[in-house]
Amino acid sequence: MKKFCNFVKTHMVFSCVVLFIVLLLSVVLCIGIGPVSIPFETVWRVMFYKMFGIGDISDISNSTQNIVWFLRTPRVLLGVLVGISLSVSGVAMQAFTKNPLASPYVLGISSGASCGAVLAMATGALSFLGEYATSLGAFCGAMVSILIVYYLAKTGRDIAPIKLVLVGTAVSAMFTAFSNFIVYKTPDDSKVREVTFWMLGSVAGAEWKDLIPLALIFIPGIIVLYAAANSMNALMMGESSAVTLGINVNLVRKLNVFVAALMTGVSVAVAGSIGFVGLVIPHIVRAIVGADHKRVIPLSVLTGGIYLIWVDVGARMFDAPGEIPIGIITSIIGAPFFLWMIKVRRYSFGSKS
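In structure tokens form, the structure reads like this:
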């Protein structure tokens, strides 16, 4: 294991290329898997023809083409984008709090975003914004929740890890209660069913237009965080050390909060509340490559995308022809795995304690 970790650290470009290839192959494979199985070659041909106009797909039925291009491809790509966004949000929050336990889900950001989105969906608030109303509601909810958690957990200049988790748990429960109350008071039964399924997390029913807001957010978000990677590394050594190195600590922290809230808010708006992705993926990556954000960010991007699309395959296959909300599966996987890492492996921030 140690040799593998050292190899990844010293061959970052090669490791990223391999993971990128795995991600591409996973996308094609996941598009083919479902109640209606579609061969790998057929998926590849349809995608190449639709994207680049290359090849001939006249021998492939229209129904198969529609399943590949209009039903499964947007769903799988949305899974990739949501997995990336939640993983990177987890990295940003852990750097912001200097706490490996931090994640959008644990700190109540996802619950706050869900509450804002549910409020927008169930009450019609912000309806003048059209299809962007839910996204704005989710972002506002995420910002409110993270500010509450940070204010209540901060003691002087430090944030105690246990206090942070306790405050995050309480805030998460509070926003979840608000969301449930809103759903309970909603008179439209069809809207209640829609909101309830959405709250459990799902990328089902994804359309091409759903990818646009998330792509427009996560691409600049990743670029900004990667550009600030050295500042984030300095921040991990403590505020005094970071200030000595000329780092604007307040700016870096505000940047992390804003990017994490924005990416989490949009992810929740399009896919609902999906827990533990931003907790487990950064932990796995840090256990392999250490705490250097120049390594952690790109590997979390690729690993998060791969992880979530395969979880989604399980969500739509375990109960076929129905499906299980993806948020249930990520919690079933994430919670025990995280407890195992804390209890058995005893990982500290980027290494074993």
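As numbered in my numbering, residues 447 to 799 make up the sequence shown, in order.
All C-beta atoms in this analysis are idealised placements derived from N, C-alpha and C, irrespective of residue type, glycine included.
Note that the structure is a prediction, hence the values are computed from the model and not measured.
In the structure shown, what three-state DSSP assignment does residue i receive?
| i | result |
| --- | --- |
| K631 | coil |
| K600 | strand |
| P744 | helix |
| P728 | helix |
| I772 | helix |
| D765 | coil |
| K637 | helix |
| Y578 | helix |
| K544 | coil |
| L646 | coil |
| A584 | helix |
| L657 | helix |
| D738 | coil |
| Y551 | coil |
| A563 | helix |
| F722 | coil |
| A619 | helix |
| L572 | coil |
| A881 | The structure shown has nothing for residue 881, since the chain only spans 447 to 799. |
| G751 | helix |
| M447 | coil |
| G651 | coil |
| L524 | helix |
Where do the ends of the alpha helix (DSSP H) carrying residue i lie?
| i | result |
| --- | --- |
| M709 | 695-717 |
| L681 | 675-682 |
| V689 | 685-690 |
May I have the straight-line CA-CA distance separating residue i from residue j, to the nearest angstrom?
| i | j | result |
| --- | --- | --- |
| F450 | A538 | 26 Å |
| L785 | T776 | 14 Å |
| L745 | D634 | 43 Å |
| I500 | V473 | 19 Å |
| G576 | A568 | 14 Å |
| Y672 | P659 | 20 Å |
| S591 | G684 | 24 Å |
| S648 | S677 | 35 Å |
| V670 | N694 | 15 Å |
| A563 | Y551 | 15 Å |
| S573 | V641 | 16 Å |
| W515 | V492 | 7 Å |
| P485 | M458 | 33 Å |
| L691 | A680 | 8 Å |
| L748 | E653 | 22 Å |
| L657 | T519 | 11 Å |
| M589 | A541 | 17 Å |
| A766 | P481 | 6 Å |
| L754 | V723 | 8 Å |
| K740 | V613 | 30 Å |
| P600 | G667 | In the sequence as presented, Pro is not what sits at residue 600; that position holds Lys. Taking the straight line joining both Cα atoms gives about 25 Å. |
| G536 | L725 | 6 Å |
Compare the Cα-Cα distances from residue i to each of the options and report the closest residue.
| i | options | result |
| --- | --- | --- |
| P771 | A541, R699, G525, G724 | G525 |
| I807 | I720, V759, V747 | The structure shown does not extend to residue 807, since the chain is modelled only from 447 to 799, so the question has no answer here. |
| F783 | V705, I730, L469 | I730 |
| K448 | L701, I734, V611 | I734 |
| L582 | A616, I663, L517 | I663 |
| F643 | K600, L471, S535, S560 | S560 |
| L532 | G711, A761, L470, W756 | G711 |
| V534 | S549, K700, V522, R521 | S549 |
| L593 | A571, S618, T580, Q511 | S618 |
| C476 | D502, R521, N512 | R521 |
| V528 | V757, E769, Y578 | V757 |
| S483 | I727, I778, V759 | V759 |
Those runs of the alpha helix (DSSP H) which lie wholly inside the segment 450-511 and span at least 4 residues: 458-478, 486-498
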